Amino acid sequence: MSDVPVSRSDVLTRAASLARRLLAASLFVGAALSLAACGSTPTPTYNLTAPGGFTAGGNGNGQLVVVAPTALAVLNTDKIMVEPGAGQVAYLADAQWSDNLPALLHARTIQAFENASKLRRVARPGDGVNADYTLVTDIRTFALRITDQGPVAVVEISAKLIGTQSGRILAAQVFRAAVPAASSAGPAATVALDQAQEQVLVQMVRWASTKF
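Spelled out as structure tokens, the structure:
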């Protein structure tokens with residue numbers, strides 16, 4: 014029987030697929046070891062930062078209430094999500110967020126608007142503010158995605174700006190940023206994810222500010 018020739022592209026594709034499977038396995042094993050040792054070694058904790066030093070347009074009229082983001086259960090946690098391959102979900106074993114992701118991103122979104130918009134006030138629901146606008150967001154993706162070119166931090170958030178009195182959606186947009194990470198280790202992954210979410214928040218603040 015004659016041998017079937019294998020192209021170089023097939024070899025590279027198989028190698029990349031094997032690398033992703035090995036990474037997924039290592040993440041799983043690392044998570045198990047982390048749980049086993051959690052009584053003695055605390056997991057390193059990382060924060061997100063609110064973007065500053067940028068400007069937003071608009072007249073700055075009115076008051077804005079920012080609702081806490083919604084998210085699927087896999088993202089409603091302080092664990093840092095990894096996508097080793099299509100349809101696969103894992104978490105970093107050597108890093109965690111300082112709070113559940115939606116709560117953390119909620120605080121940074123408010124701070125981003127406070128840092129750049131010209132609104133009279135930016136608040137949370139329940140702060141007693143008679144809001145003119147309400148911002149509703151959903152975290153679609155907030156993960157370190159393993160690709161053939163290396164790990165990439167991907168953040169995607171949908172936003173809706175609602176007129177509080179009318180209850181009508183005034184504008185809607187999806188914001189996305191992707192930042193290459195130096196590695197899939199906790200310190201490098203969190204730096205890239207922080208940079209990606211800062212880019213998304215800058216886009217969101219500038220977009221919303223033109224509607225006020």
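Numbering (the numbering used here), first residue to last: 14 to 225.
For each residue, glycine too, the CB sits at the ideal point set by N, CA and C.
Since the model is a prediction, treat every value here as computed from it, not as a measurement.
Unbroken beta strand (DSSP E) run spanning P164, endpoints: Taking the sequence shown and counting its residues from 1, one reaches residue 164 at position 151. If you look at P164, you'll find it in the beta strand (DSSP E) that goes 163 to 176.
Under the three-state DSSP convention, the category T62 falls into: Here residue 62 corresponds to residue number 49 of the sequence shown, with the count starting at 1. Note: T62 maps to coil in three-state DSSP.
Could you spell out where the alpha helix (DSSP H) holding R212 opens and where it closes? Looking up residue 212 in the sequence shown gives position 199. In the sequence on display, residue 212 carries Gln and not Arg. 199 to 222 is the extent of the alpha helix (DSSP H) around Q212.
Give the range of the beta strand (DSSP E) segment to which T122 is assigned. Counting from one through the sequence shown, the residue named residue 122 turns up at place 109. Unbroken run through T122 is the alpha helix (DSSP H), 114 to 129; no beta strand (DSSP E).
Can the beta-carbon of L214 be found closer than 9 Å to that of L174? Here residue 214 refers to the residue found at position 201 when the sequence shown is read from its first residue. Here residue 174 refers to the residue found at position 161 when the sequence shown is read from its first residue. No.
State the Cα-Cα distance for the pair Q208 and V218, rounded to the nearest angstrom. By 1-based counting over the sequence shown, the position of residue 208 is 195. By 1-based counting over the sequence shown, the position of residue 218 is 205. Cα-Cα distance, rounded: 16 Å.
Can the beta-carbon of L118 be found closer than 9 Å to that of I93? Position 105 of the sequence shown, counted from the first residue, corresponds to residue 118. Position 80 of the sequence shown, counted from the first residue, corresponds to residue 93. No, Cβ-Cβ distance for L118 and I93 is not below 9 Å.
With which residues is T147 paired in a DSSP beta bridge? Along the sequence shown, one-based indexing puts residue 147 at 134. In the DSSP assignment, the residues bridged to T147 are V78, I175.
Label V187 either buried or exposed according to how many other C-beta atoms from any shown protein chain fall within 10 Å of its C-beta, with 16 as the threshold for buried. Residue 187 sits at position 174 when you count from the first residue of the sequence shown. Looking at its Cβ environment, which holds fewer than 16 other Cβ atoms inside 10 Å, V187 is exposed.
What does the alpha-carbon distance come out to for the pair F41 and P193? Translated into the one-based positions of the sequence shown, residue 41 becomes position 28. Translated into the one-based positions of the sequence shown, residue 193 becomes position 180. In this predicted model, F41 has a pLDDT of only 44, less than 50, meaning its place in the structure is not dependable enough to derive any value.
Give me the Cα-Cα distance between V78 and R181, rounded to the nearest whole angstrom. Here residue 78 refers to the residue found at position 65 when the sequence shown is read from its first residue. Here residue 181 refers to the residue found at position 168 when the sequence shown is read from its first residue. The straight-line gap from Cα to Cα measures roughly 15 Å.
Within its chain, find whatever has a CB closer than 6 Å to the CB of T83; leave out the 5 residues flanking it on each side and keep chain order. As a working note, residue 83 is residue 70 in the sequence shown. So the qualifying residues of the chain are D151.
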